[in-house]
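What follows is a single structure, written as structure tokens, with notes after it.
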Amino acid sequence: MNTSKDALNRIIFLLLIAFIGWQLFRLGLILGMANGWL
């Protein structure tokens, strides 16, 4: 039961990191296109 909880926490942590990474990537892409238009 303790190991499954650790695995769940690890999955949640990885999903959080992936979500933050995607947001930063999308923000950088938008800023890059805006700079390209200028």
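Residue 386 in my numbering sits at position 35 of the sequence shown, and the numbers go up by one each step. The beta-carbon is built from N, C-alpha and C at its ideal position, and this holds for glycine as well.
Separation of residue j from residue i, as counted between CA atoms
i	j	result
Ile307	Ile371	Here the chain has residues from 352 to 389 only, and residue 307 is not among them.
Arg361	Gly383	32 Å
Ala385	Leu365	30 Å
Asn353	Ile368	23 Å
Arg377	Lys356	31 Å
Trp373	Ile363	15 Å
Leu359	Gly387	42 Å
heavy atom of the ligand SAM below 6 Å from residue i C-beta
i	result
Ile381	Here there are no bound small molecules, and the ligand SAM is not part of this structure.
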